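Read the structure below first, then the notes.
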Amino acid sequence: MISQKYAKNVRSFPIEDIRQRIVGVSVKVPLLDGTRRPYVNFDNAATAPALWDVMETIDLFMPWYSSIHRGKGFKSEISSQAYDRAREIVGRFFGADPAEQVVIFGKNSTEAINKAARRIGLTRDDVVLVSLMEHHSNDLPWREQAQTVHIGLAADGSLDMADVARKFAEHAGRVRLLAISGASNVTGFINPIHELAALAHANQALILVDAAQLAPHRAIDMRPAADPGHLDFLVASGHKMYAPFGAGVLIGPRAIFAHGAPDYAGGGTVEIVTEDDVYWASPPDRDEAGSPNVIGAVAMAAACKALAEIGMERLAEHEARLTAHALRELGQIAGVELYGDADPARAGERLGVIPFNLRGVSHYLLAAILGAEYGIGVRNGCFCAHPYVLHLLDIPDPVAWSWRKQVVAGFRAHLPGLVRLSFGCYNTEEEIDWLAAALRKIARGEILGNYVQDPASGAFHETAFHPDWNGYFKI
Ligand SMILES: Cc1ncc(COP(=O)(O)O)c(C=O)c1O
Numbered sequence: 004m005i006s007q008k009y010a011k012n013v014r015s016f017p018i019e020d021i022r023q024r025i026v027g028v029s030v031k032v033p034l035l036d037g038t039r040r041p042y043v044n045f046d047n048a049a050t051a052p053a054l055w056d057v058m059e060t061i062d063l064f065m066p067w068y069s070s071i072h073r074g075k076g077f078k079s080e081i082s083s084q085a086y087d088r089a090r091e092i093v094g095r096f097f098g099a100d101p102a103e104q105v106v107i108f109g110k111n112s113t114e115a116i117n118k119a120a121r122r123i124g125l126t127r128d129d130v131v132l133v134s135l136m137e138h139h140s141n142d143l144p145w146r147e148q149a150q151t152v153h154i155g156l157a158a159d160g161s162l163d164m165a166d167v168a169r170k171f172a173e174h175a176g177r178v179r180l181l182a183i184s185g186a187s188n189v190t191g192f193i194n195p196i197h198e199l200a201a202l203a204h205a206n207q208a209l210i211l212v213d214a215a216q217l218a219p220h221r222a223i224d225m226r227p228a229a230d231p232g233h234l235d236f237l238v239a240s241g242h243k244m245y246a247p248f249g250a251g252v253l254i255g256p257r258a259i260f261a262h263g264a265p266d267y268a269g270g271g272t273v274e275i276v277t278e279d280d281v282y283w284a285s286p287p288d289r290d291e292a293g294s295p296n297v298i299g300a301v302a303m304a305a306a307c308k309a310l311a312e313i314g315m316e317r318l319a320e321h322e323a324r325l326t327a328h329a330l331r332e333l334g335q336i337a338g339v340e341l342y343g344d345a346d347p348a349r350a351g352e353r354l355g356v357i358p359f360n361l362r363g364v365s366h367y368l369l370a371a372i373l374g375a376e377y378g379i380g381v382r383n384g385c386f387c388a389h390p391y392v393l394h395l396l397d398i399p400d401p402v403a404w405s406w407r408k409q410v411v412a413g414f415r416a417h418l419p420g421l422v423r424l425s426f427g428c429y430n431t432e433e434e435i436d437w438l439a440a441a442l443r444k445i446a447r448g449e450i451l452g453n454y455v456q457d458p459a460s461g462a463f464h465e466t467a468f469h470p471d472w473n474g475y476f477k478i
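In this note's numbering, each residue carries its 1-based index in the sequence shown increased by 3.
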């Protein structure tokens with residue numbers, strides 16, 4: 004229920020009105036030609052704007068916000084209950100079983116995966132299978148703890164399912180875990196997580212699903228432990244789920260987190276401490292060191308409630324329409340090269356994350372022009388998935404080596420990369436049309452500005468674009 008204060012921002016629930024639930028959706032930004040227009044945010048895979056539902060929940064909660072768990076004051080009781088309830092709501096949103104699984108709040112998916120990697124009890128002889136499409140956050144933490152083996156990809160960048168089975172067979176008896184993204188942050192490919200889970204379990208391994216991208220776009224059900232396709236671990240980030248208040252979540256088997264020392268020790272993680280001994284608390288406290296981010300957890304729970312109420316199926320349908328429209332429009336523009344699955348007919352089978360390049364225009368420059376001349380926010384580069392982007396661009400090893408040397412020498416001007424569109428539930432076909440019109444002009448060489456590149460970062464800046472930044476926001 005939205006209060007009067009927010010009613011002007013939130014009208015009703017049909018998908019056409021979803022924009023009204025998004026904070027800042029109609030904010031205008033300055034363009035190089037001196038005009039202003041509503042910002043088009045096509046960078047939702049990096050971080051999503053807040054839902055008004057989340058803002059309102061936080062607003063209502065703030066007067067009651069206080070210390071949690073050990074305080075006995077009235078506000079502490081309310082805050083403790085809110086935090087515990089947030090845990091329940093988030094767990095339920097992902098189909099976790101509270102008897103078997105524990106919901107651990109933390110900062111984001113990266114922190115959650117690092118925690119899992121340190122807490123599962125891996126040894127150097129264990130094998131963790133990850134894929135070549137992973138975000139670095141679901142690759143590097145495993146390398147520190149075990150032998151990491153990469154599953155290969157098909158030419159279009161989708162997961163090579165035959166190679167998953169092959170890697171399990173090659174490392175039979177040693178694979179402790181399959182750590183796989185629910186969906187790619189570069190191509191939007193969705194992995195068959197339950198099929199992969201069944202395969203992992205048949206090989207006496209566990210599965211961790213990095214749902215940083217999948218969670219805001221699809222319903223996820225971890226399923227009961229008796230189901231061979233159940234998910235053992237799941238991670239997600241609040242800021243990608245329209246709740247940018249600094250919380251993320253790790254869900255995993257209670258039994259695993261009931262053993263061993265936590266990765267961070269300190270206040271809140273213990274039952275009792277003597278001068279030379281410590282008795283660790285039960286999960287989840289053992290793994291939530293220090294004062295928790297109560298606001299972040301409440302915000303994430305509010306987002307889960309709002310997304311469930313809107314209906315994940317409706318969001319997915321809307322985003323599939325956007326994706327099909329974008330693939331059709333971009334596919335018709337001379338010079339646009341689409342990567343991953345470019346078939347609009349399959350838009351419903353993947354997320355609205357579309358990587359592309361415009362022939363003859365550096366990805367750095369294209370992103371700068373879209374920002375300065377069209378008010379469109381996109382991301383460019385390698386999206387924290389260097390091996391994956393090299394695969395998509397089909398860059399041979401010797402070339403990759405020469406680029407690596409350039410980066411180490413602090414020179415990024417000619418690094419390969421892509422431009423990425425990533426849709427949220429509130430984007431529209433009109434916004435995609437605006438982008439397509441922009442790309443057509445840029446492809447024809449109609450570029451208004453004069454852009455210079457910073458060789459150290461690779462980023463371009465328009466020399467005459469000096470908006471009054473402080474006039475928009477200042478702290
Ligand atoms: C697939 C995937 N995994 C993990 C992460 C890391 O998420 P966070 O930055 O919230 O820790 C991201 C971020 O973009 C991602 O896309």
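Don't be surprised by glycine CBs; every beta carbon is placed ideally from N, CA and C.
Keep in mind that this is a model prediction, so the values were computed, not measured.
Open item on the list: What does the alpha-carbon distance come out to for the pair residue 369 and residue 358?
Closed with: One-based indexing of the sequence shown puts residue 369 at position 366. One-based indexing of the sequence shown puts residue 358 at position 355. If you take the alpha carbons of residue 369 and residue 358, they lie about 13 angstroms apart.
Task: Cutoff 7 angstroms; reference residue 181; Cβ partners in own chain excluding five residues on either side - done: Start at 1 with the first residue of the sequence shown, and residue 181 comes out as number 178. Only 132, 199, 203, 208, 210 meet the Cβ criterion.
Open item on the list: Quick check: does the Cβ of residue 307 come within less than 7 angstroms of any heavy atom belonging to ligand 1?
Closed with: Working through the sequence shown from its first residue, we reach residue 307 at position 304. No - ligand 1 has no heavy atom lying nearer than 7 angstroms to the Cβ of residue 307.
Task: CA-to-CA distance, residue 155 to residue 166, given in whole angstroms - done: Counting from 1 along the sequence shown, the entry for residue 166 is found at position 163. Counting from 1 along the sequence shown, the entry for residue 155 is found at position 152. Each residue's alpha carbon lies about 6 angstroms from the other.
Open item on the list: Can you list, in chain order, the residues of its chain with a C-beta nearer than 6 angstroms to that of residue 439? Leave out the 5 residues immediately preceding and following it.
Closed with: Working through the sequence shown from its first residue, we reach residue 439 at position 436. Within the same chain, and ignoring the five residues on either side of residue 439 in sequence, the residues whose Cβ sits closer than 6 angstroms to its Cβ are 332.
Open item on the list: residue 372 and residue 443 - do their beta-carbons sit closer together than 8 angstroms?
Closed with: Here residue 443 corresponds to residue number 440 of the sequence shown, with the count starting at 1. Here residue 372 corresponds to residue number 369 of the sequence shown, with the count starting at 1. Not a contact, by the Cβ cut-off of 8 angstroms.
TODO: Return yes when at least one heavy atom of ligand 1 lies under 7 angstroms from the C-beta of residue 46, else no.
DONE: Within the sequence shown, the letter at position 43 stands for residue 46. Taking the Cβ of residue 46 as the reference point, every heavy atom of ligand 1 lies at 7 angstroms or farther away.
TODO: Provide the residue(s) that pair with residue 283 in DSSP beta bridges, ordered along the chain.
DONE: Within the sequence shown, numbered from 1, the residue matching residue 283 stands at position 280. In the DSSP output, where bridge partners are listed per residue, residue 283 has 273.
TODO: Ignore the nearest five residues each way along the sequence and tell me which others in residue 421's own chain have a CB closer than 8 angstroms to its CB.
DONE: Here residue 421 refers to the residue found at position 418 of the sequence shown. Counting only Cβ-Cβ distances below 8 angstroms, and skipping sequence neighbours, we find 189, 342, 358, 359, 360, 366, 383, 384, 385, 386, 392, 395, 396.
Open item on the list: Can you tell me whether residue 192 is helix, strand or coil according to DSSP?
Closed with: Taking the first residue of the sequence shown as 1, we reach residue 192 at position 189. Strand, per DSSP.
Task: Own chain residues within Cβ distance below 6 angstroms of residue 41, not counting five before or after - done: As a first step, residue 41 is located in the sequence shown; it is residue number 38 there, counting from the start. These residues qualify, in order along the chain: 29, 31.
TODO: Please say whether residue 125 and residue 153 have beta carbons closer to each other than 8 angstroms?
DONE: Here residue 153 is taken as the residue at index 150 of the sequence shown, counted from 1. Here residue 125 is taken as the residue at index 122 of the sequence shown, counted from 1. Taking 8 angstroms as the Cβ cut-off, residue 153 and residue 125 do not qualify as a contacting pair.
TODO: Inspect the beta-carbon positions of residue 435 and residue 350 and report whether they are closer than 8 angstroms.
DONE: On the sequence shown, position 432 is the one that residue 435 refers to. On the sequence shown, position 347 is the one that residue 350 refers to. No, these two residues do not count as a Cβ contact at 8 angstroms.
TODO: Go ahead and label residue 62 buried or exposed: buried means 16 or more other beta carbons lie within 10 angstroms of its beta carbon, across all protein chains shown.
DONE: Stepping through the sequence shown from its first residue, residue 62 is reached at position 59. Looking at its Cβ environment, which holds fewer than 16 other Cβ atoms inside 10 Å, residue 62 is exposed.
TODO: Count the other C-beta atoms from every protein chain shown that fall within 10 angstroms of the C-beta of residue 283, then say buried if there are 16 or more, exposed otherwise.
DONE: Taking the sequence shown and counting its residues from 1, the one referred to as residue 283 is at position 280. By the neighbour-count rule (16 or more Cβ atoms within 10 Å), residue 283 is buried.
Task: residue 197: CB within 7 angstroms of a non-hydrogen atom of ligand 3 - done: Among the ligands present in this structure, namely ligand 1, ligand 3 is not found.
Task: C-beta neighbour in chain D for residue 217, strict 8 angstroms - done: Judged by its chain identifiers, the structure shown contains no chain D, having just a single protein chain.
Task: Contacts around residue 346, its chain only, beta-carbon distance under 8 angstroms, and the 5 residues preceding and following it disregarded - done: Along the sequence shown, one-based indexing puts residue 346 at 343. Cβ neighbours of residue 346 beyond the five flanking positions: 330.
Open item on the list: Let's test the definition: count the other Cβ atoms within 10 Å of the Cβ of residue 429 and tell me whether it reaches 16, buried, or not, exposed.
Closed with: For the purposes of this step, residue 429 is identified with residue 426 of the sequence shown, where counting begins at 1. Per the 10 Å Cβ criterion, buried.
Task: As assigned by DSSP and simplified to three states, the class of residue 418 - done: On the sequence shown, position 415 is the one that residue 418 refers to. Coil at residue 418, not helix or strand.
- [ ] May I ask which residues mark the beginning and end of the beta strand (DSSP E) holding residue 212?
- [x] In the sequence shown, counting from the first residue as 1, residue 212 sits at position 209. 209-213 is the span of the beta strand (DSSP E), which, as asked, contains residue 212.
TODO: Within the same chain, show all residues whose beta-carbon is closer than 6 angstroms to that of residue 197, passing over the 5 residues directly before and after it, in chain order.
DONE: Working through the sequence shown from its first residue, we reach residue 197 at position 194. Within the same chain, residue 197 has close Cβ partners 232.
TODO: Entirely within the segment 79-144 and at least 4 residues each: give me those alpha helix (DSSP H) ranges in chain order.
DONE: 112-122
Open item on the list: Measuring only from the beta carbon, is residue 251 closer than 7 angstroms to any heavy atom that is part of ligand 1?
Closed with: The residue you call residue 251 lines up with position 248 of the sequence shown. Yes, the Cβ of residue 251 comes within 7 angstroms of a heavy atom of ligand 1.
TODO: Report yes or no: do the segment 86-96 and the segment 302-312 share at least 3 C-beta pairs separated by less than 8 angstroms?
DONE: yes
TODO: Report the residue ranges of all alpha helix (DSSP H) runs contained in full by the segment 350-433; include only those spanning at least 4 residues, in chain order.
DONE: 366-377, 389-395, 400-411
Open item on the list: Is it buried or exposed, residue 297, if we count other Cβ atoms within 10 angstroms and call 16 or more buried?
Closed with: Taking the first residue of the sequence shown as 1, we reach residue 297 at position 294. Looking at its Cβ environment, which holds 16 or more other Cβ atoms inside 10 Å, residue 297 is buried.
- [ ] Pair every Cβ in the segment 67-76 with every Cβ in the segment 246-262, then say whether three or more of these pairs are closer than 8 angstroms.
- [x] Taking a cut-off of 8 angstroms for Cβ pairs, the segment 67-76 and the segment 246-262 do not touch, as fewer than three such pairs fall below it.
- [ ] Under 7 angstroms Cβ to Cβ from residue 239, same chain only, skipping five residues before and after it: list those, please.
- [x] Stepping through the sequence shown from its first residue, residue 239 is reached at position 236. Excluding residues within five positions, the ones whose Cβ falls inside 7 angstroms are 112, 214, 215, 218, 251, 252.
Open item on the list: Buried or exposed, going by whether 16 or more other CB atoms sit within 10 Å of the CB of residue 285?
Closed with: Looking up residue 285 in the sequence shown gives position 282. So residue 285 ends up on the exposed side.
TODO: Taking residue 162 as the reference, give the member of 178, 148, 315, 185 with the closest Cα.
DONE: By one-based count along the sequence shown, residue 162 stands at place 159. Looking from the CA of residue 162, the closest CA among 178, 148, 315, 185 belongs to 185.
Open item on the list: Please report the distance separating the alpha-carbon of residue 14 from that of residue 72.
Closed with: Here the question's residue 14 lines up with position 11 in the sequence shown. Here the question's residue 72 lines up with position 69 in the sequence shown. Bear in mind that the predicted position of residue 14 carries a pLDDT of just 43, short of 50, making it too unreliable to give a figure here.
Task: Where the beta strand (DSSP E) containing residue 254 begins and where it ends - done: Working through the sequence shown from its first residue, we reach residue 254 at position 251. Start and end: 251-256.
Open item on the list: Tell me the residue span of the beta strand (DSSP E) that contains residue 169.
Closed with: One-based indexing of the sequence shown puts residue 169 at position 166. Unbroken run through residue 169 is the alpha helix (DSSP H), 164-173; no beta strand (DSSP E).
- [ ] Report the residue from 139, 145, 130 whose alpha carbon sits nearest the alpha carbon of residue 121.
- [x] Locating residue 121 in the sequence shown gives position 118, where the first residue counts as 1. When only C-alpha atoms are compared, the closest one is 145.
Task: Runs of alpha helix (DSSP H) wholly within the segment 35-75 (minimum 4 residues, chain order) - done: 55-64
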